[in-house]
Each structure stands twice: as C-alpha cells, then as structure tokens.
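Protein chains in written order, with our numbering: chain C, 1 to 246; chain D, 247 to 437. Cβ atoms here follow ideal geometry from the backbone N, Cα and C, with glycine treated the same way. On a predicted model such as this, the values are computed, not experimentally measured, just so you know. Working notes, beginning with the structure itself.
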Amino acid sequence: MTAHDAAATGLVLPRYHSAAGTHPPLNSPDYRSTRLRAPGRPLVPLPQGLTEVTGPLLGAGRVTAQDADLTLGPDGEALGQRIILTGRVLDSDGRPVPDTLVEIWQANAAGRYAHRVDDHPAPLDPNFTGGGRCVTDSLGRYRFVTIKPGAYPWGNHHNAWRPAHIHFSLFGRAFTQRLVTQMYFPGDPLFRFDPIFNSIPDPKARERLISAFDMDLTQPEWALGFTWDIVLRGRTATVFETGEQR
Amino acid sequence: MTAGITPSQTVGPFLAIGLPWPDGELVVPEATPGAIVITGRVLDGADAPLPDALVETWQADPDSRFDHPDDPRGPAAPAVAGFRGFGRSATDADGRYRIVTLRPGPLPAPGGGTEAPHLDVSVFARGLLDRVVTRIYFADEAAANAADPVLAALESARRGTLVARLAADSPGEFRLDIHLQGEHETVFFDV
Chain C
1 MTAHDAAATG LVLPRYHSAA GTHPPLNSPD YRSTRLRAPG RPLVPLPQGL
51 TEVTGPLLGA GRVTAQDADL TLGPDGEALG QRIILTGRVL DSDGRPVPDT
101 LVEIWQANAA GRYAHRVDDH PAPLDPNFTG GGRCVTDSLG RYRFVTIKPG
151 AYPWGNHHNA WRPAHIHFSL FGRAFTQRLV TQMYFPGDPL FRFDPIFNSI
201 PDPKARERLI SAFDMDLTQP EWALGFTWDI VLRGRTATVF ETGEQR
Chain D
247 MTAGITPSQT VGPFLAIGLP WPDGELVVPE ATPGAIVITG RVLDGADAPL
297 PDALVETWQA DPDSRFDHPD DPRGPAAPAV AGFRGFGRSA TDADGRYRIV
347 TLRPGPLPAP GGGTEAPHLD VSVFARGLLD RVVTRIYFAD EAAANAADPV
397 LAALESARRG TLVARLAADS PGEFRLDIHL QGEHETVFFD V
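Here is the structure:
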C-alpha cells in the first residue's frame, strides 16, 4: 500500500508477497482433471484489503492430542511403516507461524484411501482412516505419528502411479496465506512420471515438497523420522508493523 | 532473508477424509437471529456439478469488524456469540455447497472508498492445482455494490457472477453458482 492509499483511508495494512511463479499453473493439461475445471480466463488482480489480510485463527479448540497420531485405530494399530513427521510452519521472511491449524490426509500403507470413491484393489486397513490434525506450537512446529503411505495407480494416463504423498492443509494467519499442498518422500522413483508433481514449473520449488529423512528424529526399535518445513507467503514490513519487527 | 514459498498441489478426490468438519458450514449456529443461508452449485466447463469440491468462506461480522490482530482498527470480538467468520462446506452429490452465516458489514477499501458487504471464497477440488479465489456479494445491496471498487474494476458483463440472488421460494436464502470454466465462468482473483 502506498502512502497515498493510507492517507485516503487511514488504513495501513500488511502486504503479503506475491507467490507468482511458485504455484502450478491452473491450466496444466497433462493432469487431465484440469481440462474441464481450470478457469479459462486470466485471474483478476484483487487488492489486499481487510478481508484478505485477516483470516480465521483456528487453534487448539479444533483438535485433541490423539488427532496427531494416525496409527491409533479403533481395534489396534494401523499396518505399515511407522513414521514420525515433524517440521515448522514459517513465512517467507523466516518468521514462525505459531498456533495455526495443520490438517493432513493420506492413503494407507497399501496405497488405498478409506473413501468410497477409491476403487484401487488394495486392502483397506480398518485401523487406519488416514485423517489427522494438530496445531503448531509457539515456534511454529507441528508433529504427527503416522504410517508411510503407499503409491497408488490413477486413471490419468496409461500406467499412471502417484508417488507416495501426504496432503497438507494450512491456514497461516491471513486469507492470503491459505495453502493446500502435498508432501512427498525423498528418492521416490515416480517423481519424473507424475504430472501433478511436475505441474510446478520451477524444479527448485518442486524440491521444496520433498521431506528429508532424519536419523536424529528416528527412534530405535520404533519409527523412522522425516522432517519437512512449510513456507507460507511472508509480508512486507509497513509503518504500522515497525514496532513489531524482530 | 527470504525463503522459497511452498508450492500448492491439488486436494485430489479424497479431501473428504481430511477437511470437512461436522460444523463446517455454520459460520454461526443455525438458530442465530438474522442468520442467512448461502447456497449454490460448483460446476465445471461442461456444466457438470462437482461432487468432490470444498468451498470455504471468510468475512467480516455484521459490524464490519474482524476478530484479528492485523485489522488496524483493532481486533473486535464478534458482537454475535458463536460468530466464527469462517465457513467450510464440502459439495454434495449435486455439487451443492451451503453456508449459514450473518450478512457482513461494509468495509473501508485499501485505496479509499467502501467495499460492499462480501465474503471471500476459496474453492478447492480435484483438477484445481491451486485454490481458486472469488467473492460473494448480495443482490439486494445494489447501491453498495455500485460503489464497490472491486466490482467496478470488472467488465460489467461479468460482475453478476459474484452476486448472490435472494431465493424467491426460501426467505433468507441467497443462491450463487460457481462456474469454474465456460461461458458463465465466475470471476476468479489473483490475491
């Protein structure tokens, strides 16, 4: 916002950085479902006003401690490779995003979702629903215990298989920061064949969706550790913010 | 120092495992005095309904305030108990979303002027590699809409794609379909 704008309204708002060039183009025809669903006309620029720089601050009231452990089924433990998955939610200026809701969902160890539409002939696990949630701590950290999802076939093209992934949903603190994405596992041989992963134009940005194996996080006789940080759009310092800059 | 922003990926066809909440569509409890319903269908470029989409809304309260520290007018606890500002509705088999809320107040616009009462909307679905963002305005706010700087910047023929109409057969219910593509394509924003 310019000084002129501020004088016109008395409003001095944070301004969130553009994510231009980071996200996949909506029109990515190699991913077949985009063909009838991606808008055909260019997006219209929307000035960041009060509705855009604010957002739902959803926290502890929406989760219980068990929600972060996806291995706890009604009749016992989920089947598969147990993993600990942790990391930080940050903004692109390096500031942690504390007290923010993180929601995840995933296929089971056999590559099957507990969803009526998934007709992949792999076994369901009655002890694995595949949904989890937690709230970041004061340093922006999240932590889940789950099982490593399997790869699965999908009908996009001949012999199409999705690399193993976990879906992540993030709010940040502003409507502008809302992000839904997918986290992948290191070294997956399916990366180069996957039109969803490869819809991200910049190879360096693609790499940011791949978690890292972490031996220090790995627990003897129990679970492998993976770390993955999520970076939301940061914001430009404004006169209004100077007092809070660290 | 700036770090690279994490890129978006599609929610895929199975978002129902992770995202819907039992109270998602209730921005306010259903019995709240003055509550309105906003409903409509999400449609693709062949006018087929999306049974696997998620519609989220975010808005000011009826007093034009946000319970948020970045509102330079100061955070304001909502005047109506239970008002969350945020709604989330997974579409049903007919592609229909439904939000129960209160009509938001008008807002000062960043460049001067006044924004008419509106909700910011995110739509997520299989086939959308990033959310698409739109707004919902109200047809019975004609004067406010005429003065709204966001609507004014649009081609006049496309403004109507953002304006929900009062249902003739259901008092307090507004309807707006979201067309992802095609002749009636909704205006989507780069925010």
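Taking beta-carbon pairs under 9 Å, can you tell me which members of the region 360-394 of chain D lie near chain C? For the region 360-394 of chain D, the residues whose beta carbon sits under 9 Å from a beta carbon of chain C are, in order, E361, H364, L365, D366, S368, F370, A371, R372, G373, L374, L375, D376, R377, V378, V379, R381.
In terms of alpha-carbon separation, which member of C/G225, C/R35, C/L11 lies closest to D/G373? Position 127 of the second sequence holds residue 373 of chain D. For D/G373, the nearest C-alpha among the options comes from C/R35.
Less than 8 Å between the C-beta atoms of D/A429 and D/G333, yes or no? Against the second sequence, residue 429 of chain D aligns to sequence position 183. Against the second sequence, residue 333 of chain D aligns to sequence position 87. Note on identity: in this sequence residue 429 of chain D is Glu, with Ala being the wrong assignment. No. Outside cutoff.
Going along chain B, which residues have a C-beta under 8 Å from C/T176? No chain B appears in this structure, whose protein chains are C and D.
Are the C-beta atoms of C/H115 and some chain D residue less than 8 Å apart? Along the first sequence, one-based indexing puts residue 115 of chain C at 115. Yes, its Cβ sits closer than 8 Å to a Cβ of chain D.
Tell me the residue span of the beta strand (DSSP E) that contains D/S335. Within the second sequence, numbered from 1, the residue matching residue 335 of chain D stands at position 89. Counting along the chain, D/S335 sits inside the beta strand (DSSP E) bounded by residues 332-336.
Does DSSP classify C/R206 as helix, strand or coil? For the purposes of this step, residue 206 of chain C is taken as the residue at position 206 of the first sequence. Helix.
Given this structure, state the Cα-to-Cα distance separating C/I200 from D/P279, to the nearest angstrom. Here residue 200 of chain C is taken as the residue at index 200 of the first sequence, counted from 1. Here residue 279 of chain D is taken as the residue at index 33 of the second sequence, counted from 1. Answer to the nearest angstrom: the Cα atoms are 46 Å apart.
Answer with yes or no whether the minimum CB distance from D/L348 to chain C is below 8 Å. Here residue 348 of chain D corresponds to residue number 102 of the second sequence, with the count starting at 1. Any Cβ of chain C closer than 8 Å to the Cβ of D/L348 would place that residue at the interface, and such an atom is absent.
Flag C/Y142 as yes if its beta-carbon sits less than 8 Å from any beta-carbon of chain D, otherwise no. Translated into positions along the first sequence, residue 142 of chain C becomes position 142. No, C/Y142 does not count as interfacial toward chain D.
Simplified DSSP state of C/G73, which is helix, strand or coil: Taking the first sequence and counting its residues from 1, the one referred to as residue 73 of chain C is at position 73. Assignment of C/G73 by DSSP, reduced to helix, strand and coil, places it in the strand class.
Could you compute how far the alpha carbon of C/G234 sits from the alpha carbon of D/A414? For the purposes of this step, residue 234 of chain C is taken as residue 234 along the first sequence, with counting starting at 1. For the purposes of this step, residue 414 of chain D is taken as residue 168 along the second sequence, with counting starting at 1. Distance from the CA of C/G234 to the CA of D/A414, rounded to the nearest whole angstrom, comes to 44 Å.
Could one say the Cβ of C/T146 lies closer than 8 Å to chain D's Cβ atoms, at least one of them? Counting from one through the first sequence, the residue named residue 146 of chain C turns up at place 146. No, its Cβ sits nowhere closer than 8 Å to a Cβ of chain D.
Indicate whether C/E103 and C/S169 have their beta-carbon atoms separated by less than 8 Å. Numbered from its first residue, the first sequence carries residue 103 of chain C at position 103. Numbered from its first residue, the first sequence carries residue 169 of chain C at position 169. Contact: yes.
Run down chain D in chain order and give the residues with a C-beta less than 8 Å from the C-beta of C/P56. Translated into the one-based positions of the first sequence, residue 56 of chain C becomes position 56. Residues of chain D whose Cβ lies closer than 8 Å to the Cβ of C/P56 are, in chain order, W304, R330, G331, F332.
Give me the DSSP bridge partner(s) of D/A472. Because residue 472 of chain D is not part of the residues shown, which for chain D are 247 to 437, the question remains open.
From C/F240 to D/P318, what distance separates their C-alpha atoms? For this step, residue 240 of chain C is matched to residue 240 along the first sequence. For this step, residue 318 of chain D is matched to residue 72 along the second sequence. With a pLDDT of only 45 at C/F240, under 50, the local geometry of the prediction cannot be trusted, and no value is derived from it.
Does D/N391 pass the burial test, meaning 16 or more other C-beta atoms within 10 Å, or should it be called exposed? Position 145 of the second sequence, counted from the first residue, corresponds to residue 391 of chain D. With 16 or more other Cβ atoms within 10 Å, it is buried.
By alpha-carbon positions, which one of C/H115, C/Q219, C/L90 ends up nearest to D/A262? By one-based count along the second sequence, residue 262 of chain D stands at place 16. Taking the Cα of D/A262 as reference, the smallest distance to any Cα among C/H115, C/Q219, C/L90 is reached at C/H115.
Inter-stretch contact (C-beta, 8 Å, three-pair minimum) for the region 374-394 of chain D and the region 72-87 of chain C: With a cut-off of 8 Å on Cβ pairs, the region 374-394 of chain D is not in contact with the region 72-87 of chain C, counting fewer than three such pairs.
Answer yes or no: does any C-beta atom of chain D fall closer than 8 Å to that of C/V97? Your numbering for residue 97 of chain C matches position 97 in the first sequence. Not an interface residue.
My assumption, with CB atoms under 8 Å, is that C/R140 sits in contact with C/P98. Please give the rounded CB distance. To locate residue 140 of chain C, count along the first sequence from 1; it is residue 140. To locate residue 98 of chain C, count along the first sequence from 1; it is residue 98. According to the sequence as given, residue 140 of chain C is Gly; it is not Arg. A Cβ-Cβ separation of about 5 Å places C/G140 in contact with C/P98 under the 8 Å criterion.
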